[in-house]
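A quick write-up on the structure given underneath.
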Amino acid sequence: MKTPTVSFLWRWTKVTIIVGVVFCALHPYAKAGAPALIDDFSDPMRHGAQRLLFNDKDLGSQSHATQMCADGVLKIEGELVPGRGVPAFISVPLILTADMQPQDLSAYEGVRLRVKVNKGILSVQVASSEVTNFDYHTGGPVVAKRGEFQEVRLAFKDMKRGWSEQTRLNLKTITSVNLVAFGMAKDAFSYEVDEIGFY
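With positions in the sequence shown counted from 1, the corresponding number in the numbering used here is that position plus 12.
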């Protein structure tokens, strides 16, 4: 027969274990395959290499850009130069893991970023391994007061594909979040990001 003290301790231990299991099951970090922070730009390199930057030259446009990461801020600036009948873009994919394996983001509602848009139009794409034609789910243009850092939140549920049949974004298959400057006319663009993640 257990003494009252031992019995109390045993019940308390069971309660602690149950609370711990429930907390882990409900906590967003337990459900998500990726942490809430994608990048705070405190390191000029990401996964041991410079961050990628893709242009539109394969589609007949001639856009160009430079990137600089210093003091915890990523700065991208350049010029959009569209070809005949095609849009211009510069994309910076922020991969979630070094091996680009799909991550489960189902615990989160969307993308959050602290950004300063100086010129041009900036949008955010979420790349899924299920999308094979690069028409990733994209949020509307980032709305922020020009020349000031602001936190912007973009819900996954509001993101759409541009030219393909609309499909549901499968949050268990996410490989990167892409920053995309785009336009249909020749124009300069510039933006800065000091943190990006999920909420």
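Ideal Cβ placement from N, Cα and C applies to all residues, glycine included.
- One alpha carbon belongs to R180, the other to N190, and they sit about 18 Å apart.
- Cβ atoms of T150 and K172 come within 8 Å of each other, at about 7 Å.
- K169 sits in a helix when the DSSP states are folded into three classes.
- Looking at the DSSP output, V189 bridges to L106, V138.
- Non-local C-beta neighbours of N182 in its own chain, meaning closer than 8 Å and more than five positions away in sequence, comprise S140, E142, ordered along the chain.
- Scanning its chain for C-beta atoms nearer than 8 Å, with the 5 sequence neighbours on each side dropped, one finds around V93 the residues S73, Q74, S75, H76, A100, K198, in chain order.
- DSSP links T78 through a beta bridge to E89.
- Annotation note: the stretch 51-75 contains no uninterrupted beta strand (DSSP E) run of length 3 or greater.
- Contact annotation, F161 with K128: C-beta distance approximately 5 Å; criterion of less than 8 Å satisfied.
- By the beta-carbon neighbour count (other beta carbons within 10 angstroms, threshold 16), F194 is buried.
- Y203 carries a strand assignment under DSSP once its states are collapsed to helix, strand and coil.
- Distance check between Q115 and each of A48, G152, V192 places A48 closest, using alpha-carbon atoms only.
- Secondary structure of I208 (DSSP, three-state): strand.
- Annotation for I208: I50, D51, L125 place their beta carbon closer than 6 Å to its own, counting only its chain and skipping 5 residues before and after.
- When DSSP reads this structure, Q115 sits in a beta bridge with I186.
- Note: L181 is not bridge-paired with any residue in the DSSP secondary-structure output.
- Residue pairing from DSSP leaves G151 without any beta-bridge partner.
- The continuous beta strand (DSSP E) containing G122 extends over residues 122-131.
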